[in-house]
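Number of protein chains: 2
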Amino acid sequence: MSKEGAIRILIADDHPVVREGLAALVERRPDMTVAGEAGSGVEAVAQFRRLTPDVTLMDLRMPELGGVAAIGQIRADFPAARIIILTTYDGDEDIYRGLQAGARAYLLKDAPRDELLDAIRAVHSGQTRIPPAVAARLAERMMSGPDLSPREIEVLRSIVAGRSNRQIGADLAISEGTVKAHINSILGKLGVSDRTQAVTTALQRGIVHLE
Amino acid sequence: MSKEGAIRILIADDHPVVREGLAALVERRPDMTVAGEAGSGVEAVAQFRRLTPDVTLMDLRMPELGGVAAIGQIRADFPAARIIILTTYDGDEDIYRGLQAGARAYLLKDAPRDELLDAIRAVHSGQTRIPPAVAARLAERMMSGPDLSPREIEVLRSIVAGRSNRQIGADLAISEGTVKAHINSILGKLGVSDRTQAVTTALQRGIVHLE
DNA sequence: CGTACCCTTTATCATAAGATGGACGTACCA
DNA sequence: TGGTACGTCCATCTTATGATAAAGGGTACG
């Protein structure tokens, strides 16, 4: 190897095929080189500590430790870490949490090759890079009313898990009526009219995930 | 190029990064070569006609035309086409429909590199290749009771779309009571007790999709 | 210091959803 | 041909869900 002065890149993705693709793409450029790879969130954190790469490409959905949490752990020790989120998920909540965690760019995996390479160079030089489509999603989130309270998110998770209002009340040690009130507030904030719609929009927006 | 006698492979995936990765992986092998790439279902069909590759790697979720439909179109003209499904979705319905369409192998994108290469060689030599984890999912589908009827699937889609029983009745020009009867049957077949659970399990199993 | 504001909690009332039982037709098999 | 299994359809009864109003508790801010 040894490209003198090249941008050293850490690739974190749980799909070997994707890692391969990113590595091939990067190594073909004279000004970039792959410093290391990681197949999970914990590996990503460990590899970052060991290698201190110039730029990190991070998937969001990974085993053991999600991308957002991994970014948080990395930036706790290396506040200047330059991390690019590269994922298939375009839910506005995913985008928000990713950037909130300290990512400098957010790209979707269906982005063209050049867009990725440009983003790597931009982030390496200290800039941020948010494609218009992603920015639009982020703006949507801002517009879409107040955030769900912690309690409401807890209830929403239970709804997605398929629990009835009575069961949710038992789980959280509150009355069934209280659960209904929370749900009513959730429906209002999500702009939907029943729990089924709440489930689909919460999944689409990335507020909760299946499995 | 020109690897004499090499396995000629068509890559169909809407993510440029994944195509890059598969291409890099394949080109590194002396007995394989990339015949072409496609970024959508219609492209995949067109490229297959033009190139008649030995083996095709096909993603399921693609714009314009899904992978299953693309396989169907290809095999209508080339019944001997050797197609490998390579996707991130592990819902039992996705697997069933993919193999039903005529795929010779079904791999998940988090599969190790060697597993993919072995599958390519196996399929090229006329075999099929179903990893144990995938086979288990498929078996689950067999066990999990009778299929939903066309009408029930129609109703299920409406449920996922967030429509009320009354609205579904209006949409399908049947009474609300009939809708309830269909839903009751759906709940029984899916092994759940309300429409919210029906939505999540239908999504998990890949019977319906969001968006 | 108090006064908003929001989260959390509750009860009551109207409506939608699920359970049950059964009718009709059709495709399939003995 | 006779049965039988299944999909489609409908009405009635019970239960869960959603709408509404409103009170207590914490906190930020003037």
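Residue numbers (my numbering), protein chains in the order written: chain A, 1 to 211; chain B, 212 to 422. All residues carry an ideal CB built from backbone N, CA and C; glycine is no exception.
Proximal chain B residues relative to residue i, where beta-carbon distance stays under 7 Å
| i | result |
| --- | --- |
| R195 (chain A) | T407 |
| V160 (chain A) | T411 |
| V123 (chain A) | By Cβ distance, chain B contributes nothing, its closest Cβ being about 17 Å from V123 (chain A), past 7 Å. |
Proximity to residue i [Cα-Cα], best of the options
| i | options | result |
| --- | --- | --- |
| I364 (chain B) | B:D225, B:R377, B:K400 | B:K400 |
| S158 (chain A) | A:G21, A:R129, A:I186, A:R8 | A:I186 |
| T87 (chain A) | A:R19, A:A35, A:V42 | A:R19 |
| A105 (chain A) | A:D77, A:A44, A:A135 | A:A135 |
| T267 (chain B) | B:I220, B:H420, B:E238, B:M354 | B:I220 |
| I218 (chain B) | B:A314, B:L328, B:A255, B:Y300 | B:L328 |
| G162 (chain A) | B:E351, B:I379, B:R406, B:V371 | B:R406 |
| Q415 (chain B) | A:L203, A:E211, A:I207 | A:E211 |
| S144 (chain A) | A:N184, A:G72, A:G191 | A:G191 |
| G36 (chain A) | A:P79, A:R49, A:P30 | A:R49 |
| H182 (chain A) | A:A202, A:L148, A:T52, A:S125 | A:L148 |
Boundaries (first-last residue) of the alpha helix (DSSP H) holding residue i
| i | result |
| --- | --- |
| T411 (chain B) | 406–416 |
| M58 (chain A) | Premise fails: M58 (chain A) lies in the beta strand (DSSP E), 55–58, not in any alpha helix (DSSP H). |
| G182 (chain A) | For clarity, residue 182 (chain A) is His in the given sequence; the question names Gly instead. Per DSSP, H182 (chain A) belongs to the alpha helix (DSSP H) from 176–190. |
| E27 (chain A) | 16–27 |
| A350 (chain B) | 343–354 |
| I361 (chain B) | The residue you asked about is not Ile; residue 361 (chain B) is Pro in the sequence shown. Looking at the DSSP string, the run of the alpha helix (DSSP H) that includes P361 (chain B) is 361–371. |
| E115 (chain A) | 113–124 |
| G380 (chain B) | 376–383 |
| R75 (chain A) | 67–77 |
Integer-rounded CB distance, given that residue j should sit under 8 Å from residue i
| i | j | result |
| --- | --- | --- |
| A293 (chain B) | D265 (chain B) | The sequence as given places Arg at residue 293 (chain B); Ala does not occur at that position. The pair is a contact, with the Cβ atoms about 7 Å apart (cut-off 8 Å). |
| I95 (chain A) | R61 (chain A) | With 8 Å as the limit, I95 (chain A) and R61 (chain A) do not qualify as a contact, their Cβ atoms being about 14 Å apart. |
| G67 (chain A) | D59 (chain A) | 6 Å |
| E326 (chain B) | P342 (chain B) | 7 Å |
| E64 (chain A) | V42 (chain A) | 5 Å |
| I282 (chain B) | L318 (chain B) | So it is not a contact: roughly 14 Å between Cβ atoms. |
| L254 (chain A) | A198 (chain A) | This structure cannot settle anything about residue 254 (chain A), because the visible part of chain A is limited to 1 through 211. |
Chain-ordered neighbours of residue i on chain B, where CB pairs are closer than 9 Å
| i | result |
| --- | --- |
| Q73 (chain A) | Here the premise fails: no neighbours, minimum Cβ distance about 22 Å. |
Element boundaries [beta strand (DSSP E), containing residue i]
| i | result |
| --- | --- |
| A312 (chain B) | No beta strand (DSSP E) holds A312 (chain B); the alpha helix (DSSP H) holding it covers 303–312. |
Residue(s) in a DSSP beta bridge with residue i
| i | result |
| --- | --- |
| E248 (chain B) | B:I222 |
| M243 (chain B) | B:I218 |
| Y317 (chain B) | B:I296 |
| R340 (chain B) | B:A316 |
Contacts that residue i makes with chain B (C-beta to C-beta distance below 8 Å)
| i | result |
| --- | --- |
| G145 (chain A) | Neighbours of G145 (chain A) on chain B: none; closest Cβ ~18 Å, over 8 Å. |
| V179 (chain A) | What V179 (chain A) touches in chain B: nothing, since even the nearest Cβ is about 14 Å away. |
| V55 (chain A) | Simply none; closest approach about 15 Å. |
| V192 (chain A) | G373 |
Chain-ordered neighbours of residue i on chain A, where CB pairs are closer than 9 Å
| i | result |
| --- | --- |
| Q415 (chain B) | L210, E211 |
| R423 (chain B) | Residue 423 (chain B) is absent from the structure shown; chain B starts at 212 and stops at 422. |
Under 7 Å from the C-beta of residue i: neighbouring residues of chain A
| i | result |
| --- | --- |
| A235 (chain B) | E20, G21, A24 |
| H226 (chain B) | K109, D110 |
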